[in-house]
Structures are given as structure tokens and as C-alpha cells.
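Engineer: Sequence positions in the sequence shown follow the numbering used here and run 295 to 362.
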Amino acid sequence: MEDCGKYTDYFDKYSAYEDIETLKLSNGVSDDYKKHRCAHMIYCQKCRTEKIVTIDETGNEKSGEGAL
């Protein structure tokens with residue numbers, strides 16, 4: 295699986311430059327702001343599927359928790 299970066303970076307061409315904490319309030323991922331988690335887009339080359347996972351801001355991944 296490949297980490298493709300922050301989920302919010304894919305919203306529009308300027309979202310990568312917007313405040314991360316503000317985007318968390320409206321990105322559709324439940325509790326990522328409150329739980330200090332960052333939603334990332336993950337891509338599996340074998341399956342050719344994408345998935346949104348949340349990663350603890352300290353770097354501890356919890357696959358799928360709080361994802362859409």
C-alpha cells in the first residue's frame with residue numbers, strides 16, 4: 295500500500311495550502327479534529343483501490359479508524 299498524502303490535499307488545487315485544522319472541521323471524516331488524527335489517502339497497486347485511513351498525529355497508524 296502506498297500513502298498518497300493528506301486526504302484534504304485532493305479537494306481542490308489550493309487545499310494543500312489551507313490550514314489543516316480548519317479543513318478537518320469540514321472534510322467529512324468523523325472526529326479527526328477532536329482526536330488529533332490526520333486523514334490520508336492510501337492506494338493499493340495490486341487491488342487498484344483507494345482507502346481513507348486516519349493516522350495519529352504522533353505517527354501511529356490505525357487503519358480505517360474515523361475514515362469515511
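C-beta: ideal position from N, C-alpha, C; glycine also.
Please read these numbers as outputs of a predicted model, since none were measured by experiment.
With DSSP collapsed to three states, give me the class of D326.
Structural biologist: coil
Engineer: Whose CA, out of E296, T348, C298, lies closest to the CA of D325?
Structural biologist: T348
Engineer: Where T343 and C298 are concerned, what is the direct C-alpha to C-alpha distance, given to the nearest angstrom?
Structural biologist: Each residue's alpha carbon lies about 12 Å from the other.
Engineer: What's the gap between the Cα of I319 and the Cα of C332?
Structural biologist: For clarity, residue 319 is Leu in the given sequence; the question names Ile instead. Their Cα atoms are separated by approximately 12 Å.
Engineer: Bridge partners for D293 per DSSP, in chain order?
Structural biologist: Any answer about residue 293 is impossible in this case: the structure gives the chain only from 295 up to 362.
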